[in-house]
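Enquirer: Handing you a structure now.
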Amino acid sequence: MLETMHQKALLFILLAVGLLCIGLAPACRAQDQNQDEDADVEDDLDLDLAGTEDNDELDGEEETPPAPKAPAAPKVTYKAPEPMGEHFFAESFDRGTLDGWVLSKAKKDDADEEIAKYDGKWAVEEMKDTKLPGDKGLVLKSRAKHHAISAPLLRPFTFDSMPLVIQYEVNFQSGIDCGGAYVKLLSETPGLDLDQFVDKTAYTIMFGPDKCGEDYKLHFIFRHKNPKTGQYEEKHAKKPDADLRSYFTDKKTHLYTLVVNADNNFEVLVDQTVVNSGNLLKDMTPPVNPPAEIEDPDDHKPEDWDERPKIQDPDALKPEDWDEDAPAQIPDEDAVKPDGWLDDEAEYIGDPDAIKPDDWDEDMDGEWEAPQVPNPACESAPGCGPWKRPMIDNPSYKGKWKPPMVDNPNYQGIWKPRKIPNPDYFEDLQPFKMTPFSALGLELWSMTSDIFFDNFFITNDRNTAERWAADSWGLKKAAEGAAEPGLAAQMLTAAEERPWLWIVYVLTVALPLVLIIVFCCTGKEKKKTPAAEYKKTDEAQPDVKEEEEDEEEEDKAEEAKSSPAAEDKSDEEEAAAEEEEGEKAATTEEKEDDILRRSPRSRRVRKD
18 MLETMHQKAL LFILLAVGLL CIGLAPACRA QDQNQDEDAD VEDDLDLDLA
68 GTEDNDELDG EEETPPAPKA PAAPKVTYKA PEPMGEHFFA ESFDRGTLDG
118 WVLSKAKKDD ADEEIAKYDG KWAVEEMKDT KLPGDKGLVL KSRAKHHAIS
168 APLLRPFTFD SMPLVIQYEV NFQSGIDCGG AYVKLLSETP GLDLDQFVDK
218 TAYTIMFGPD KCGEDYKLHF IFRHKNPKTG QYEEKHAKKP DADLRSYFTD
268 KKTHLYTLVV NADNNFEVLV DQTVVNSGNL LKDMTPPVNP PAEIEDPDDH
318 KPEDWDERPK IQDPDALKPE DWDEDAPAQI PDEDAVKPDG WLDDEAEYIG
368 DPDAIKPDDW DEDMDGEWEA PQVPNPACES APGCGPWKRP MIDNPSYKGK
418 WKPPMVDNPN YQGIWKPRKI PNPDYFEDLQ PFKMTPFSAL GLELWSMTSD
468 IFFDNFFITN DRNTAERWAA DSWGLKKAAE GAAEPGLAAQ MLTAAEERPW
518 LWIVYVLTVA LPLVLIIVFC CTGKEKKKTP AAEYKKTDEA QPDVKEEEED
568 EEEEDKAEEA KSSPAAEDKS DEEEAAAEEE EGEKAATTEE KEDDILRRSP
618 RSRRVRKD
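If you're matching positions, the sequence shown starts at 18 in this note's numbering and goes up one per residue.
Structure below.
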């Protein structure tokens with residue numbers, strides 16, 4: 018039995034180790050993937066081997082060879098992405114300048130003079146903690162200021178039969194308290210002046226992350242033109258179901274992509290993973306197309322319209338015995354004053370130890386009185402002061418009488434204005450065909466600085482955008498992945514920041530082991546039956562039950578022989594006992610012969 022329990026314990030331990038390996042497998046695969054990505058950019062690796070220093074030759078001695086230094090860790094060398102295929106805008110900021118970009122010189126109309134200017138600073142530089150030296154981007158440098166910068170497209174984007182794909186990278190290097198990192202695709206209009214780019218400048222699409230407080234957003238807004246009135250209205254996509262918090266807090270570079278197809282379907286992706294999707298006709302607020310009918314603004318509810326489903330019963334009468342003046346509570350007449358109640362003692366008395374302050378002015382402050390403290394004489398008594406009967410609920414209290422409520426025979430339902438055809442109704446089945454745009458702009462307000470933007474790309478071919486992402490964000494992801502610590506280092510770092518994680522680690526490891534030991538090693542050992550003592554062989558075994566019966570009869574015979582009554586037995590009884598034992602022995606031999614005859618090994622092979 019102990020051997021079986023040890024086997025069970027070993028089995029459970031192996032199972033726990035297997036589950037642990039399965040849990041660690043994703044991390045191992047992630048590390049292998051990072052190694053594969055590093056291998057893919059092997060041509061770009063910069064293995065800066067430390068050079069050896071030349072030693073001066075000594076007179077009369079041979080030159081000693083210099084001790085080689087260990088090679089430095091491989092680093093991914095940055096290579097600027099080059100756009101391939103059809104595209105309308107591509108900017109990686111690798112020139113290190115803002116050439117081609119226009120800083121706004123305008124002021125906001127609805128802001129104070131001190132903060133109305135778009136005087137926030139922009140810079141082209143590397144990230145503060147870059148893992149890819151040489152990779153530069155556009156950085157928002159000021160906090161609590163308005164920022165506006167824009168750049169024209171190579172040519173205007175026109176919505177026809179090809180999709181729109183826009184993508185760019187964002188890294189909140191210092192986190193984000195309140196601010197946005199979204200882009201605007203500025204509509205192509207005759208009066209578009211990038212020097213005067215403000216918040217009210219017409220745009221076709223606004224897309225990107227935005228946060229204030231604990232409200233994490235990923236905007237997709239497009240301006241739809243009413244074909245009847247010619248006015249524009251903003252249409253907001255539904256809120257993503259995915260949790261966006263980590264994209265704002267992990268201080269990693271994330272790739273934001275918007276794809277709008279000619280069939281009106283759209284997708285919003287973060288790091289090439291879809292976080293939101295829908296249809297322009299079904300998943301925008303307010304809807305693109307207005308309702309076909311509206312409530313008549315000139316329709317008014319009639320004065321005699323009765324909306325009351327219930328009314329007081331007009332035929333009901335107040336019962337004669339209904340007493341509306343009866344109090345809700347009355348003194349308890351059955352109450353008895355407790356023994357030892359001190360009627361003459363006050364519950365509170367003036368503090369005998371209190372002393373009037375020296376600066377007390379009775380003319381200004383009035384007569385001084387010692388502060389009240391509990392009466393010490395009442396501590397051992399059930400109470401002090403005049404005794405009053407406690408109040409109880411009045412069984413005769415009914416309150417103010419009201420007639421019961423009954424169904425209103427004149428009830429007409431809730432009134433609603435009648436429906437009339439919507440004079441502004443239209444049906445636009447192709448909202449994808451939006452206003453063409455000719456520039457990309459960033460118009461932002463942020464309470465946090467050092468927001469990093471990079472690798473803006475606009476195209477009408479998804480494969481082209483994915484190639485650009487692989488050459489830019491993919492390289493950056495590989496560099497960041499290579500610099501990330503292993504799983505054990507991450508767990509230690511997390512425990513240093515949050516010491517309570519040590520308890521979780523200990524319980525995760527110790528608790529399963531304790532349960533396995535308790536389950537497998539604390540059971541009671543079962544008593545082996547005589548049948549379990551026989552080995553499994555092909556030889557015929559005697560019946561265990563018959564052996565037990567024989568042993569019991571022998572015990573009884575021995576007890577009978579040892580008793581005084583056995584000495585008086587007659588020879589006939591002894592002969593009868595011996596005859597009975599002989600018959601049992603013969604029966605046992607017959608059974609053993611029968612078992613041997615039925616054994617498969619006793620059978621002869623049947624010849625065909």
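The C-beta atom is built at its ideal place from N, Cα and C for all residues, glycine as well.
I431 by DSSP, collapsed to three states: which one?
Expert: Within the sequence shown, the letter at position 414 stands for residue 431. Three-state result, I431: coil.
Enquirer: Using C-beta distances below 6 Å, list every residue in its chain close to N51, excluding the 5 sequence neighbours before and after it, in chain order.
Expert: Within the sequence shown, numbered from 1, the residue matching residue 51 stands at position 34. Per-residue confidence for N51 stands at a pLDDT of 44, beneath the threshold of 50, marking its modelled position as unreliable; the derived number appears in the next sentence. Answer for N51: G498 and A499, listed in chain order.
Enquirer: Under 8 Å: do the region 137-151 and the region 449-456 share three or more Cβ pairs, one atom per stretch?
Expert: no
Enquirer: Verify whether the separation of the beta carbon atoms of G225 and Y199 is less than 7 Å.
Expert: Taking the first residue of the sequence shown as position 1, residue 225 is located at position 208. Taking the first residue of the sequence shown as position 1, residue 199 is located at position 182. With contacts defined by Cβ atoms closer than 7 Å, G225 and Y199 form a contacting pair.
Enquirer: Report buried or exposed for M301, applying the criterion of at least 16 other Cβ atoms within 10 angstroms of its Cβ.
Expert: As a position in the sequence shown, residue 301 is number 284, starting the count at 1. Answer is buried; the Cβ neighbour count reaches 16.
Enquirer: Identify the residues that DSSP records as bridge partners of G230: which are they?
Expert: As a position in the sequence shown, residue 230 is number 213, starting the count at 1. Looking at the DSSP assignment, G230 forms no beta bridge with any residue, so it has no partner.
Enquirer: Ordered along the chain, which non-local residues of its own chain (more than five positions away) have a Cβ less than 7 Å from that of E310?
Expert: The residue labelled residue 310 in the question sits at position 293 within the sequence shown. Here the set comprises K436, I437, P438 and N439.
Enquirer: Helix, strand or coil for E131? Go by DSSP, reduced to three states.
Expert: Within the sequence shown, numbered from 1, the residue matching residue 131 stands at position 114. Three-state result, E131: coil.
Enquirer: Could you tell me which uninterrupted beta strand (DSSP E) segments, each at least 3 residues in length, are contained entirely in the region 209-257, listed from first to last along the chain?
Expert: Entirely contained in the region 209-257, the beta strand (DSSP E) runs reaching 3 residues are, in chain order, 220-229, 232-242 and 249-254.
Enquirer: Can you round the beta-carbon distance between G197 and S466 to whole angstroms, since I take them to be within the 8 Å contact cut?
Expert: Position 180 of the sequence shown, counting from 1, holds the residue named residue 197. Position 449 of the sequence shown, counting from 1, holds the residue named residue 466. No, G197 and S466 are not in contact; Cβ-Cβ is about 14 Å, not under 8 Å.
Enquirer: Under 7 Å, do K124 and K138 count as touching if we go by C-beta distance?
Expert: Within the sequence shown, the letter at position 107 stands for residue 124. Within the sequence shown, the letter at position 121 stands for residue 138. Result no, Cβ atoms of K124 and K138 do not sit closer than 7 Å.
Enquirer: In whole angstroms, give me the CA-to-CA distance for P257 and L298.
Expert: Here residue 257 refers to the residue found at position 240 of the sequence shown. Here residue 298 refers to the residue found at position 281 of the sequence shown. Near 17 Å, if we compare the C-alpha coordinates of L298 and P257.
Enquirer: Answer with buried or exposed for N411, where buried requires no fewer than 16 other C-beta atoms within 10 angstroms of its C-beta.
Expert: Translated into the one-based positions of the sequence shown, residue 411 becomes position 394. Under this definition N411 is an exposed residue.
Enquirer: Looking at F470 and the ligand PLP, is the gap between the Cβ and the nearest heavy atom below 6 Å?
Expert: In the structure on display, the ligand PLP does not appear, and there are no ligands present to speak of.
Enquirer: Apart from the five residues on each side of it in sequence, which residues of its chain come closer than 8 Å, Cβ to Cβ, to S178?
Expert: Residue mapping note: residue 178 aligns to position 161 of the sequence shown, counting from 1. Cβ within range, chain order: A279.
Enquirer: Buried or exposed for L75, going by 16 or more other Cβ atoms inside 10 Å?
Expert: Taking the sequence shown and counting its residues from 1, the one referred to as residue 75 is at position 58. Legend: pLDDT at L75 = 35, less than 50; position of this residue unreliable, value from coordinates given subsequently. So L75 ends up on the exposed side.
Enquirer: To the nearest angstrom, report how far apart W385 and P369 are at their CA atoms.
Expert: For the purposes of this step, residue 385 is taken as the residue at position 368 of the sequence shown. For the purposes of this step, residue 369 is taken as the residue at position 352 of the sequence shown. Taking the straight line joining both Cα atoms gives about 13 Å.
Enquirer: Just to confirm my understanding: we take N293, look at its own chain, exclude 5 residues before and 5 after, and list those with CB closer than 6 Å. What are they?
Expert: Working through the sequence shown from its first residue, we reach residue 293 at position 276. Residues of the same chain with a CB within less than 6 Å of the CB of N293, apart from the 5 flanking positions on each side, are P257 and V285 in chain order.
Enquirer: Can you pull the DSSP bridge partners for W139?
Expert: One-based indexing of the sequence shown puts residue 139 at position 122. DSSP, once it has assigned bridges, lists L157 as partnering W139.
Enquirer: With DSSP run on the structure shown, which of helix, strand or coil describes W490?
Expert: Counting from 1 along the sequence shown, the entry for residue 490 is found at position 473. Helix, per DSSP.
Enquirer: Could you say which of E337, H163, K96 and G113 lies nearest to D129 if we only look at CA atoms?
Expert: Numbered from its first residue, the sequence shown carries residue 129 at position 112. Ranking the options by Cα distance to D129, first place goes to H163.
Enquirer: Taking its Cβ as the centre, do 16 or more other Cβ atoms sit within 10 Å of G154, making it buried, or is it exposed?
Expert: Here residue 154 corresponds to residue number 137 of the sequence shown, with the count starting at 1. Under this definition G154 is a buried residue.
Enquirer: Are the beta-carbon atoms belonging to T221 and L209 less than 7 Å from one another?
Expert: The count along the sequence shown starts at 1 and reaches residue 221 at position 204. The count along the sequence shown starts at 1 and reaches residue 209 at position 192. Their beta carbons are not under 7 Å apart, which means T221 does not touch L209 by this criterion.
Enquirer: Could you pull the start and end residues of the alpha helix (DSSP H) that Y199 belongs to?
Expert: Looking up residue 199 in the sequence shown gives position 182. That residue, Y199, is in no alpha helix (DSSP H); it is neither H nor E in DSSP.
Enquirer: DSSP beta-bridge partners for D424?
Expert: The residue labelled residue 424 in the question sits at position 407 within the sequence shown. DSSP lists K327 as partners of D424.
Enquirer: Please report the straight-line C-alpha distance between K269 and L492, rounded to a whole angstrom.
Expert: For this step, residue 269 is matched to residue 252 along the sequence shown. For this step, residue 492 is matched to residue 475 along the sequence shown. Rounded to whole angstroms, K269 to L492 spans 13 Å at the Cα level.
Enquirer: Tell me the DSSP secondary structure of A168 in three-state form.
Expert: In the sequence shown, the residue the question calls residue 168 occupies position 151. A168: strand per DSSP, three-state reduction.
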